[in-house]
Amino acid sequence: MRVISVAGAVGPGYNVRSLAQIVGIAVHHTVSANRAWTEDEERAHALAIDADHRVREGGTWGGLGYAALIFTSGNIYISGPLTQVRAGVSGRNRELASFALVGDFTLHWPTGAALAAAASLYQQWQQELGRDVPLGGH
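So the sequence shown is numbered by the numbering used here: it starts at 638 and just counts up by one.
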(Lines of atoms letter the chains of each structure in order from A and count residues from 1; the text may use other names and numbers.)
(Lines give C-alpha, C1' and ligand atoms only; values in the text may rest on other atoms or scores of the structure.)
Protein backbone atom coordinates (compact mmCIF):
# COMPACT_ATOMS: atom_id res chain seq x y z
CA MET A 1 0.00 0.00 0.00
CA ARG A 2 1.24 3.43 -0.96
CA VAL A 3 -0.30 6.82 -0.32
CA ILE A 4 0.02 9.01 -3.41
CA SER A 5 -1.05 12.61 -3.98
CA VAL A 6 -3.15 13.24 -7.07
CA ALA A 7 -1.81 16.59 -8.24
CA GLY A 8 -4.41 18.53 -10.15
CA ALA A 9 -7.39 16.87 -8.50
CA VAL A 10 -8.03 19.74 -6.11
CA GLY A 11 -10.57 22.03 -7.68
CA PRO A 12 -11.02 25.70 -6.87
CA GLY A 13 -14.77 25.22 -6.36
CA TYR A 14 -14.48 23.53 -2.96
CA ASN A 15 -14.90 25.35 0.34
CA VAL A 16 -13.02 24.78 3.57
CA ARG A 17 -14.44 23.31 6.79
CA SER A 18 -13.02 22.64 10.22
CA LEU A 19 -12.26 19.08 11.31
CA ALA A 20 -14.85 19.58 14.08
CA GLN A 21 -17.58 19.83 11.40
CA ILE A 22 -16.92 16.27 10.17
CA VAL A 23 -19.35 13.84 11.82
CA GLY A 24 -18.85 10.77 9.62
CA ILE A 25 -17.14 9.16 6.66
CA ALA A 26 -18.94 7.91 3.54
CA VAL A 27 -17.58 5.08 1.41
CA HIS A 28 -18.35 4.91 -2.30
CA HIS A 29 -17.48 2.62 -5.19
CA THR A 30 -16.65 4.07 -8.59
CA VAL A 31 -18.46 1.47 -10.71
CA SER A 32 -15.20 1.10 -12.63
CA ALA A 33 -13.55 -2.11 -13.76
CA ASN A 34 -12.50 -4.55 -11.04
CA ARG A 35 -9.03 -5.34 -12.28
CA ALA A 36 -5.34 -4.94 -11.56
CA TRP A 37 -4.00 -1.52 -12.58
CA THR A 38 -0.42 -0.31 -13.06
CA GLU A 39 0.40 2.81 -11.06
CA ASP A 40 0.38 4.83 -14.30
CA GLU A 41 -3.11 3.48 -15.07
CA GLU A 42 -4.25 4.22 -11.52
CA ARG A 43 -3.10 7.83 -11.75
CA ALA A 44 -4.68 8.23 -15.21
CA HIS A 45 -7.97 6.74 -13.95
CA ALA A 46 -7.95 9.02 -10.88
CA LEU A 47 -7.46 12.04 -13.14
CA ALA A 48 -10.19 10.79 -15.52
CA ILE A 49 -12.65 10.58 -12.60
CA ASP A 50 -11.52 14.07 -11.56
CA ALA A 51 -12.16 15.38 -15.11
CA ASP A 52 -15.61 13.73 -15.16
CA HIS A 53 -16.51 15.25 -11.79
CA ARG A 54 -15.42 18.72 -12.94
CA VAL A 55 -18.26 18.79 -15.50
CA ARG A 56 -20.94 17.25 -13.24
CA GLU A 57 -23.85 19.38 -12.09
CA GLY A 58 -22.90 22.17 -14.46
CA GLY A 59 -19.30 22.24 -13.27
CA THR A 60 -20.19 22.97 -9.64
CA TRP A 61 -18.27 20.04 -8.16
CA GLY A 62 -14.85 21.58 -8.73
CA GLY A 63 -13.10 18.22 -9.21
CA LEU A 64 -12.83 14.80 -7.66
CA GLY A 65 -15.75 14.36 -5.27
CA TYR A 66 -13.83 12.17 -2.80
CA ALA A 67 -10.91 13.03 -0.54
CA ALA A 68 -9.28 9.73 -1.58
CA LEU A 69 -9.49 6.87 -4.08
CA ILE A 70 -8.40 3.34 -3.20
CA PHE A 71 -7.41 0.96 -6.00
CA THR A 72 -7.40 -2.85 -6.07
CA SER A 73 -3.64 -2.73 -5.39
CA GLY A 74 -4.31 -1.03 -2.06
CA ASN A 75 -2.74 2.21 -3.26
CA ILE A 76 -4.49 5.28 -1.86
CA TYR A 77 -4.66 8.43 -3.97
CA ILE A 78 -5.30 11.51 -1.84
CA SER A 79 -7.07 14.33 -3.67
CA GLY A 80 -7.19 16.88 -0.89
CA PRO A 81 -7.18 17.48 2.86
CA LEU A 82 -10.10 16.53 5.11
CA THR A 83 -10.71 20.24 5.68
CA GLN A 84 -11.66 20.65 2.02
CA VAL A 85 -15.39 20.13 1.42
CA ARG A 86 -15.83 17.77 -1.52
CA ALA A 87 -18.88 16.55 -3.48
CA GLY A 88 -19.32 13.10 -1.94
CA VAL A 89 -22.85 13.10 -0.49
CA SER A 90 -25.39 15.62 -1.74
CA GLY A 91 -26.70 17.83 1.04
CA ARG A 92 -24.15 16.47 3.56
CA ASN A 93 -20.80 17.47 2.07
CA ARG A 94 -19.93 19.89 4.88
CA GLU A 95 -20.33 17.21 7.55
CA LEU A 96 -19.10 14.05 5.78
CA ALA A 97 -15.68 13.19 4.41
CA SER A 98 -15.63 10.49 1.76
CA PHE A 99 -13.43 8.07 -0.10
CA ALA A 100 -14.13 5.68 -2.95
CA LEU A 101 -12.98 2.16 -3.64
CA VAL A 102 -12.29 1.73 -7.35
CA GLY A 103 -14.46 -1.04 -8.77
CA ASP A 104 -18.04 -2.18 -9.13
CA PHE A 105 -19.00 -4.02 -5.98
CA THR A 106 -22.41 -4.99 -7.23
CA LEU A 107 -20.45 -7.59 -9.23
CA HIS A 108 -17.33 -8.45 -7.19
CA TRP A 109 -16.06 -7.83 -3.67
CA PRO A 110 -13.15 -5.41 -3.16
CA THR A 111 -9.71 -7.00 -2.99
CA GLY A 112 -8.10 -7.76 0.35
CA ALA A 113 -5.50 -5.08 -0.38
CA ALA A 114 -8.19 -2.48 -1.05
CA LEU A 115 -10.08 -3.40 2.14
CA ALA A 116 -6.88 -3.23 4.20
CA ALA A 117 -6.09 0.18 2.72
CA ALA A 118 -9.64 1.39 3.47
CA ALA A 119 -9.31 0.26 7.10
CA SER A 120 -5.94 2.00 7.37
CA LEU A 121 -7.28 5.22 5.86
CA TYR A 122 -10.31 5.16 8.17
CA GLN A 123 -8.03 4.80 11.21
CA GLN A 124 -5.75 7.57 9.94
CA TRP A 125 -8.68 9.94 9.41
CA GLN A 126 -10.07 9.20 12.89
CA GLN A 127 -6.64 10.02 14.34
CA GLU A 128 -6.56 13.26 12.35
CA LEU A 129 -10.07 14.10 13.57
CA GLY A 130 -9.10 13.25 17.14
CA ARG A 131 -12.21 11.13 17.69
CA ASP A 132 -14.17 8.15 16.42
CA VAL A 133 -16.72 8.87 13.70
CA PRO A 134 -19.09 6.44 11.99
CA LEU A 135 -18.30 4.92 8.61
CA GLY A 136 -21.12 4.23 6.19
CA GLY A 137 -21.69 3.20 2.60
CA HIS A 138 -23.23 5.56 0.08
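The beta carbon of each residue, even a glycine, is placed where N, CA and C say it ideally should be.
Proximity of residue i and residue j at Cβ, strictly below 8 angstroms
| i | j | result |
| --- | --- | --- |
| alanine 734 | leucine 752 | no |
| glutamate 732 | valine 660 | yes |
| aspartate 741 | asparagine 652 | no |
| glycine 773 | alanine 657 | no |
| histidine 665 | alanine 737 | yes |
| glutamate 679 | asparagine 712 | yes |
| threonine 667 | valine 739 | yes |
Anticipated Cβ contact below 8 angstroms, residue i with residue j, distance rounded
| i | j | result |
| --- | --- | --- |
| aspartate 686 | leucine 758 | Looking at the sequence provided, one finds isoleucine at residue 686 rather than aspartate. Between leucine 758 and isoleucine 686 the Cβ distance is about 17 angstroms, and since that is not below 8 angstroms, they are no contact. |
| isoleucine 715 | alanine 724 | About 16 angstroms; that fails the 8 angstroms criterion. |
| tryptophan 746 | serine 710 | Not quite, the Cβ-Cβ distance comes to about 15 angstroms (not below 8 angstroms), so this is no contact. |
Cross-strand partners of residue i (DSSP beta bridge)
| i | result |
| --- | --- |
| glycine 661 | Leu733 |
| glycine 774 | Val664 |
| glutamine 760 | None, per the DSSP bridge assignment. |
| isoleucine 715 | Ser642 and Ala705 |
| leucine 752 | In DSSP, leucine 752 forms no bridge with anything. |
Residue i to residue j span [Cα, whole Å]
| i | j | result |
| --- | --- | --- |
| leucine 701 | alanine 688 | 8 angstroms |
| tryptophan 698 | glycine 749 | 31 angstroms |
Kindly provide the ranges of any alpha helix (DSSP H) runs that are 4 or more residues long and lie completely inside the segment 667-692, ordered along the chain.
Scanning the segment 667-692 for uninterrupted alpha helix (DSSP H) segments of 4 residues or longer gives 676-692, listed from N- to C-terminal end.
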